[in-house]
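The structure appears below as structure tokens.
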Amino acid sequence: MIDVVGDRKLTPMLRQYADAKAECPAGSILMFRMGDFYEMFFEDAVIGAKLLDLTLTTRDKGKDDAVPMCGVPHHAVRGYIAKLTELGRTVVTCEQTEDPKLAKGLVKREVVRVITPGIVLDDEVLAEITHRPSVQVTVPGPAVRGSAPHHGPAAPIARGHPLLPVLDEPA
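For the sequence shown, my numbering gives the first residue as 566, with consecutive numbering after it.
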């Protein structure tokens, strides 16, 4: 459990955030669910505010060691995640894993998803006009030599379009 960041002793909620952040890949941005918002804190807030054109604010306003923060409404988070991944950032979401009405003390949260720039699995964040090329290379092994060539999946992945035609094995 992380209790201190710099010289600052963390509140229980910020300790929970710091623990979740410690699970994240280096350089990723953690979106931490707090009620109806996904919040970013510390360096993630500074980066997120700049990249997403959000207002950067702080916890403990007026203190020298105030914690930078910014956030987005939960119902709009997919669009913000899409923008961050389009800019080459990895985004990690940390969700509330228990009903806040039933929680005793701090609501339990867990890292539930890592979204990387190279893989977008959510059709709602893919622009209809965006061309996302995909390539599949299949090298037949001994078990398939002499049988019909394997051409892979029939449907493109993530609206990808094949860049190369399927080539049969040389005779």
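The C-beta atom is built at its ideal place from N, Cα and C for all residues, glycine as well.
Could you tell me which residues DSSP puts in a beta bridge with residue 671?
-> Within the sequence shown, numbered from 1, the residue matching residue 671 stands at position 106. BP columns for residue 671 are empty, so no partner.
Hey, is the segment 592-609 in contact with the segment 643-660, meaning 3+ C-beta pairs nearer than 8 Å?
-> Pairwise C-beta distances place the segment 592-609 in contact with the segment 643-660, as three or more of them are shorter than 8 Å.
State the Cα-Cα distance for the pair residue 676 and residue 655, rounded to the nearest angstrom.
-> As a first step, residue 676 is located in the sequence shown; it is residue number 111 there, counting from the start. As a first step, residue 655 is located in the sequence shown; it is residue number 90 there, counting from the start. Between residue 676 and residue 655, the C-alpha separation is close to 13 Å.
Assuming residue 595 and residue 585 form a contact by the criterion Cβ under 8 Å, report the distance between their Cβ atoms to the nearest whole angstrom.
-> To locate residue 595, count along the sequence shown from 1; it is residue 30. To locate residue 585, count along the sequence shown from 1; it is residue 20. So it is a contact: roughly 6 Å between Cβ atoms.
Just grab the DSSP bridge partners of residue 594 for me.
-> Within the sequence shown, the letter at position 29 stands for residue 594. Per DSSP, 656.
Mark residue 649 as exposed unless 16 or more other C-beta atoms lie within 10 angstroms of its C-beta, in which case mark it buried.
-> As a position in the sequence shown, residue 649 is number 84, starting the count at 1. Classification for residue 649: buried.
Residue span of the beta strand (DSSP E) that contains residue 604, given as start and end = Taking the sequence shown and counting its residues from 1, the one referred to as residue 604 is at position 39. First-last of the beta strand (DSSP E) with residue 604: 602-606.
Enclosing beta strand (DSSP E) for residue 636 [first to last residue] | Numbered from 1 along the sequence shown, position 71 holds the residue referred to as residue 636. Segment 632-638, the beta strand (DSSP E) holding residue 636.
Residue 650: first and last residue of the uninterrupted alpha helix (DSSP H) it sits in = On the sequence shown, position 85 is the one that residue 650 refers to. For residue 650, the enclosing alpha helix (DSSP H) stretches over residues 642-651.
By DSSP, does residue 628 sit in helix, in strand, or in coil?
-> Counting from 1 along the sequence shown, the entry for residue 628 is found at position 63. Residue 628 falls in the coil class under three-state DSSP.
Applying the criterion that 16 or more other CB atoms from any shown protein chain within 10 Å of the CB defines a buried residue, is residue 678 buried or exposed?
-> Position 113 of the sequence shown holds residue 678. Residue 678 comes out exposed.
Determine which residues share a DSSP beta bridge with residue 623 and list them.
-> Sequence index remark: in the sequence shown, residue 623 carries index 58 (1-based). Per DSSP, 633.
Identify, in the order they occur along the chain, each residue of the same chain with its Cβ nearer than 7 Å to the Cβ of residue 672, setting aside the five sequence neighbours on each side.
-> For the purposes of this step, residue 672 is taken as the residue at position 107 of the sequence shown. Only 661, 663, 665 meet the Cβ criterion.
State yes or no: is the C-beta of residue 743 within less than 8 Å of the C-beta of residue 598?
-> Nothing can be reported for residue 743, as the shown portion of the chain is limited to 566 through 736.
Rounded to a whole number of angstroms, what is the C-alpha to C-alpha distance between residue 624 and residue 610?
-> If you number the sequence shown from 1, residue 624 lands on position 59. If you number the sequence shown from 1, residue 610 lands on position 45. Cα to Cα, the separation comes out at about 11 Å.
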